[in-house]
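A.B. asks: My questions all concern the structure below.
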Amino acid sequence: DSGVTQTPKHLITATGQRVTLRCSPRSGDLSVYWYQQSLDQGLQFLIQYYNGEERAKGNILERFSAQQFPDLHSELNLSSLELGDSALYFCASSLLTGDTEAFFGQGTRLTVV
Amino acid sequence: GESVGLHLPTLSVQEGDNSIINCAYSNSASDYFIWYKQESGKGPQFIIDIRSNMDKRQGQRVTVLLNKTVKHLSLQIAATQPGDSAVYFCAENAGGSQGNLIFGKGTKLSVKP
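Residue numbers (the working numbering), protein chains in the order written: chain A, 1011 to 1123; chain B, 13 to 125.
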């Protein structure tokens, strides 16, 4: 158990809908990272937050947004969902934002039908 | 569950043998590299990292080698065990941070008892 908790584990929704994925980082970790893993694109970095502030941005679509709350948990919002958004979404956390070890959650499997 | 591309390179080794997993990275400006292990149904797990000012780094049963001239990274696993069976990803970062990592496609390691 990495200490990173993601909910829900599975999510099935229809095209055009909006969903929210939640991540609770390890206790004491200030950085949260979101990744998307799909069959055709592999693992892709989406966005990083550090102590509530956006720190780095990767290949995140405009339909997607994220935030980190004062208690350090984070949410990834996916809207106007398309079939191609079906993927595993991972959250990871690390103590700082430097080159420290990041711990991944078990992921949320999103299926858009 | 499945979490990687359909056409992953595969490596099959006998239990007790050494494994070498290779990775070519893309950005000559990348200065930080990480190897991750992903078991079926789980999130990626940090194995070992290396900065660009090093050629080699050793961990417990694992060694990472970095050849900046040809932009090549390798992971050596000594005395491979059945529990090492997983998909292994290399990741690179040009900013010396966990954020905005670029992941390789992954290599599936199968260990035969």
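Glycine included, each C-beta is placed from N, C-alpha and C at the ideal position.
Note that this is a predicted model, so its numbers are computed, not measured.
By how many angstroms is the C-alpha of Phe1100/A removed from the C-alpha of Thr1017/A?
C.D. replies: Their backbone Cα atoms lie some 10 Å apart in a straight line.
A.B. asks: Which residues bound the beta strand (DSSP E) around Leu1088/A?
C.D. replies: Start and end: 1084-1088.
A.B. asks: With Ser31/B and Ile89/B assumed to form a contact (beta carbons below 8 Å), what rounded beta-carbon distance in angstroms separates them?
C.D. replies: The pair is a contact, with the Cβ atoms about 4 Å apart (cut-off 8 Å).
A.B. asks: Which chain A residues sit within Cβ distance under 8 Å of Asn112/B?
C.D. replies: Those are Phe1055, Gln1058, Ala1066, Lys1067, Gly1068, listed as they occur along chain A.
A.B. asks: Report yes or no: is there a C-beta of chain B within less than 9 Å of the C-beta of Ser1012/A?
C.D. replies: Chain B contact via Cβ: present.
A.B. asks: Would you list the one or two residues that DSSP bridges to Tyr1045/A?
C.D. replies: Its beta-bridge partners are Phe1055/A, Phe1100/A.
A.B. asks: Applying a beta-carbon distance threshold of less than 7 Å, which residues of chain B neighbour Gly1117/A?
C.D. replies: Gly55, listed in chain order.
A.B. asks: Between Gly1094/A and chain B, is the shortest Cβ-Cβ distance under 9 Å, so that the two count as touching?
C.D. replies: Not closer than 9 Å to any Cβ of chain B, the Cβ of Gly1094/A fails to qualify, so no.
A.B. asks: Below 9 Å between beta carbons: does that hold for Gln1116/A and Gly53/B?
C.D. replies: Contact: yes.
A.B. asks: What residues of chain B sit near Phe1074/A, judged by a beta carbon separation below 8 Å?
C.D. replies: Chain B residues near Phe1074/A: none, gap ~16 Å exceeds 8 Å.
A.B. asks: At least one CB of chain B closer than 9 Å to the CB of Ala1024/A: is that the case?
C.D. replies: Taking Cβ atoms only, chain B never reaches closer than 9 Å to Ala1024/A, which makes this a no.
A.B. asks: Would Lys117/B count as contacting chain A if we go by Cβ distances under 9 Å?
C.D. replies: Answer yes: the Cβ-Cβ gap between Lys117/B and chain A drops below 9 Å somewhere.
A.B. asks: State yes or no: is the C-beta of Ser1096/A within less than 9 Å of the C-beta of Leu1120/A?
C.D. replies: Yes.
A.B. asks: State yes or no: is the beta carbon of Gln1111/A nearer than 9 Å to at least one beta carbon in chain B?
C.D. replies: In the sequence under discussion, the amino acid at residue 1111/A is Glu, which differs from the Gln named in the question. For Glu1111/A, the answer is yes, since a Cβ of chain B falls inside 9 Å of its Cβ.
A.B. asks: Mind pulling the chain B residues with CB within less than 8 Å of Gly1038/A?
C.D. replies: The premise fails here: Gly1038/A is roughly 16 Å from chain B at the closest Cβ pair, so nothing lies under 8 Å.
A.B. asks: Do you know offhand how far Thr1015/A's Cα is from Lys120/B's?
C.D. replies: In a straight line, the C-alpha of Thr1015/A is about 26 Å away from that of Lys120/B.
A.B. asks: Buried or exposed: Ser1037/A, going by 16 or more other Cβ atoms within 10 Å of its Cβ?
C.D. replies: It is exposed - the Cβ of Ser1037/A has fewer than 16 other Cβ atoms within 10 Å.
A.B. asks: Mapping the DSSP letters down to three states, classify Asp1039/A as helix, strand or coil.
C.D. replies: DSSP places Asp1039/A in coil when its eight states are reduced to three.
A.B. asks: Identify the contact partners of Phe1100/A in chain B, using a Cβ-Cβ distance below 8 Å as the criterion.
C.D. replies: Correct list: Gly55, Pro56.
A.B. asks: Going by DSSP, name the residue or residues bridged to Leu1021/A.
C.D. replies: Answer by DSSP bridge pairing, in chain order: Leu1120/A.
A.B. asks: Quick check on Asp61/B - is its C-beta less than 9 Å from some C-beta in chain A?
C.D. replies: So, interface residue.
A.B. asks: Which class does Asp43/B belong to by DSSP, given the choice of helix, strand or coil?
C.D. replies: Residue state, collapsed to three classes: coil.
A.B. asks: Using a 10 Å radius around the Cβ and a threshold of 16 neighbouring Cβ atoms, would you call Ser15/B buried or exposed?
C.D. replies: Confidence is the limiting factor: at Ser15/B the pLDDT is only 32, short of 50, which leaves the residue's position unreliable, though a coordinate-based value still follows. Answer is buried; the Cβ neighbour count reaches 16.
A.B. asks: Just mark Gln26/B as buried or exposed, buried being the case when its beta carbon has 16 or more other beta carbons within 10 Å.
C.D. replies: Counting Cβ neighbours within 10 Å, Gln26/B comes out exposed, since fewer than 16 surround it.
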